[in-house]
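Under this note's numbering, the first residue of the sequence shown carries the number 549, and numbering increases by one thereafter.
I have placed the structure first, in the form of C-alpha cells, so that the comments after it can refer back to it.
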Amino acid sequence: MADLKKYKITEPYLDLQGGLLEAPFWEKDSNTLRFVDIVKQKLHFVNPRAGPSSHKQWDLDFSVGTTADIQGNDAEFIFGGKRGYGIMKRETGESRWVKDMWSDEERKEDGGGKPGVGKTREVRMRSNDGAVDAAGRYWVGAMNDPLVVEGNITDEGVLFRLDLDLSLHRMKAPVTIPNGTSWTLDNKFMYFTDSPSGEITKYPFELSTGTVDWSKGTTFFRCTYEGGVPDGHAQDEEGCFWVALYGTGKVVRVNVEGEVVAEIEVPTRCVTCPGFVGTELFITTAEEGSPEKYPWSVKYQGGLFKVDVGVRGCPLNKFKMEAKA
C-alpha cells in the first residue's frame, strides 16, 4: 500500500448537478465524449479538445443506460434503453427501437412482482451498464428502475447479449444491479459486476460462441472501502482496471492480480463510471443520496470529472450489426 499512487480532483470538468450520470464513451474519430443521465433522461456530448464550452445535451423521453458505436456506421450509435435496445442518430437524436428485452408475458400485469410495485415487469425494469465484446456482441444488463420501484431493488435483473443478427439472449439471471463488464486482453475470461455483491467476478469465456461458464466464477476484486461497492469500470492498455467505487468518492486502479495500485479522490461521493479519452480519465457521478449525512458530497454531485492518469485506455469494441434495423 506504500506504493499506492494517488490523484486528487478538486472541481468538476462539467458542473451539471445531474441525477445519475453514467456510461462515458469516447467517439475517437470525432473526438467526442458522450455520456448519459439515466434519471433525468438526457444524453450529453462534449469535445475534450474544445473544452467544457463545447458541451451540449439532448432531452430524451426515455432513459438510456449505455451506448456503443456501430461498425461501419458513423451516423448512428446503438444504446440500451428503458425497454430494450435502440439506435439513435448522432446529429439529431432521432431514435428507433430494434429489440425489446421483455416478452409478451412480461408486459402483462403481474401484481407488482417481487417488489410489489409497478404493473408489469417491463415497466419496472430499465437498462443499466453494458459493453461490446471482441466479436461485436453487445452485452447489456437490466435492473429494477428505482424511479418505479421506489428504491426497492430486487434480483429481477437480467444480463442480455445482442448478437450481430439482432437475436437476443438471456445470459445471466437473476442479477440485482448489473454493472462493469469487460474481458481479459486475450478474451479468455469475462469480468462482470453485480454491485450489491461488493465484487467483480471473473468467469471463463469462449469468444467464438459468446458463452460464459458461470459455474467457475472467481472473485477478481472485492471493495474493502467502507460503504462502497464497485460500479462501472474502464480497462487500460496494460490490462488494469479503473473501478468506480460508488459511495466512497474514489476510483481505484486495480492490477491484473486484483490489487489496488492507484487511487483517485473525487470531491463527491457517488462515483459511477470512468471512461478514457487518450490518457485522461473522465468520471461520471450521481446525485448524493444522503445529503444530510454527507454534506461535503453535495456541492459537486452529479458532475463530470477528469484527471490525466498517464496511461491509455483499451480501444472500445464496436457493435457489428449484420441485420437491417
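Cβ coordinates follow ideal geometry from the N, Cα and C atoms, glycine included.
Because the structure is a prediction, the values reported are computed rather than measured.
Q) In terms of residues, what are the limits of the beta strand (DSSP E) holding Arg770? A) The residue you call residue 770 lines up with position 222 of the sequence shown. Segment Thr766 to Arg770, the beta strand (DSSP E) holding Arg770.
Q. Nearest-angstrom Cα distance between Asp779 and Leu564?
A. Stepping through the sequence shown from its first residue, residue 779 is reached at position 231. Stepping through the sequence shown from its first residue, residue 564 is reached at position 16. About 20 Å.
Q. So, is Trp844 buried or exposed, given that buried needs 16 or more other C-beta atoms within 10 angstroms?
A. Your numbering for residue 844 matches position 296 in the sequence shown. Per the 10 Å Cβ criterion, exposed.
Q: In angstroms with no decimal places, state the Cα-to-Cα distance between Thr702 and Ala598.
A: Looking up residue 702 in the sequence shown gives position 154. Looking up residue 598 in the sequence shown gives position 50. When rounded, the distance between both Cα atoms is 42 Å.
**Q.** Phe573 vs Gly823 beta-carbon contact at 9 Å
**A.** If you number the sequence shown from 1, residue 573 lands on position 25. If you number the sequence shown from 1, residue 823 lands on position 275. Judged by beta-carbon spacing, Gly823 lies within the 9 Å limit of Phe573, meaning their Cβ atoms are closer than that value.
Q) Below 9 Å between beta carbons: does that hold for Val584 and Gly613? A) Taking the sequence shown and counting its residues from 1, the one referred to as residue 584 is at position 36. Taking the sequence shown and counting its residues from 1, the one referred to as residue 613 is at position 65. Gly613 sits close to Val584, with the two beta carbons spaced by under 9 Å.
Q.
Please state whether the Cβ-Cβ distance between Glu624 and Lys637 is less than 9 Å.
A. Your numbering for residue 624 matches position 76 in the sequence shown. Your numbering for residue 637 matches position 89 in the sequence shown. Taking 9 Å as the cut-off, the Cβ atoms of Glu624 and Lys637 count as close.
(Q) Are the CB atoms of Asn700 and Pro663 within a distance shorter than 9 Å? (A) As a first step, residue 663 is located in the sequence shown; it is residue number 115 there, counting from the start. As a first step, residue 700 is located in the sequence shown; it is residue number 152 there, counting from the start. By the CB criterion at 9 Å, Pro663 and Asn700 fall inside the cutoff.
Q) Which of the three DSSP states, helix, strand or coil, is assigned to Lys576? A) For the purposes of this step, residue 576 is taken as the residue at position 28 of the sequence shown. DSSP places Lys576 in helix when its eight states are reduced to three.
Q) Over what stretch of residues does the alpha helix (DSSP H) that includes Glu670 continue unbroken? A) Counting from one through the sequence shown, the residue named residue 670 turns up at place 122. It spans Arg669 to Arg672 - the alpha helix (DSSP H) in which Glu670 sits, taken as one unbroken run.
**Q.** When Ala810, Val799 and Lys854 are compared against Gly826, the one with the closest alpha-carbon
**A.** Taking the sequence shown and counting its residues from 1, the one referred to as residue 826 is at position 278. Nearest C-alpha to Gly826: Lys854.
Q: Using only alpha-carbon positions, find the residue among Asp711, Thr741, Phe737 and Lys736 that is nearest to Ala721.
A: Indexing the sequence shown from 1 puts residue 721 at position 173. The shortest C-alpha separation from Ala721 is found at Thr741.
Q: With DSSP collapsed to three states, give me the class of Ser763.
A: The residue given as residue 763 occupies position 215 in the sequence shown. Of the three classes helix, strand and coil, the one that applies to Ser763 here is helix, per DSSP.
Q) Is it a yes or a no for the segment 670–682 touching the segment 647–657, going by three-plus beta-carbon pairs under 8 Å? A) The segment 670–682, when compared against the segment 647–657, does touch it at the 8 Å Cβ threshold.
Q.
Restricting to runs no shorter than 4 residues, where is the alpha helix (DSSP H) found entirely within the segment 645–707?
A. Here the runs fully enclosed are 669–672 and 694–697.
Q | Reference Lys847; option with closest CA among Leu712, Glu575, Val859 and Thr833 | A | Here residue 847 refers to the residue found at position 299 when the sequence shown is read from its first residue. Ranked by Cα distance from Lys847, the options Leu712, Glu575, Val859 and Thr833 are led by Thr833.
Q) Expressed to the nearest angstrom, what Euclidean distance is found between the alpha-carbon atoms of Met549 and Val809? A) Numbered from its first residue, the sequence shown carries residue 549 at position 1. Numbered from its first residue, the sequence shown carries residue 809 at position 261. Per-residue confidence for Met549 stands at a pLDDT of 48, beneath the threshold of 50, marking its modelled position as unreliable; the derived number appears in the next sentence. Counting only the Cα atoms, Val809 lies some 7 Å from Met549.
**Q.** Proximal residues to Ile618 (C-beta, below 7 Å), its chain only, five neighbours per side dropped
**A.** For this step, residue 618 is matched to residue 70 along the sequence shown. Excluding positions up to five away in sequence, the list reads Glu624, Phe625, Ile626, Lys866, Phe867 and Met869.
Q: For Asn735, I'd like the list of residues in its chain whose CB is within less than 8 Å of its CB, leaving aside the five on either flank, ordered along the chain.
A: Reading the sequence shown from its first residue, position 187 is the one you call residue 735. If the five residues before and after Asn735 are omitted, its C-beta is found closer than 8 Å to the C-beta atoms of Asp681, Ala682, Phe753 and Leu755, all from its own chain and listed in chain order.
(Q) Give me the residue from Phe708, Phe769 and Asn803 with the minimum Cα distance to Arg631. (A) Here residue 631 corresponds to residue number 83 of the sequence shown, with the count starting at 1. Nearest Cα to Arg631 within the set Phe708, Phe769 and Asn803: Phe708.
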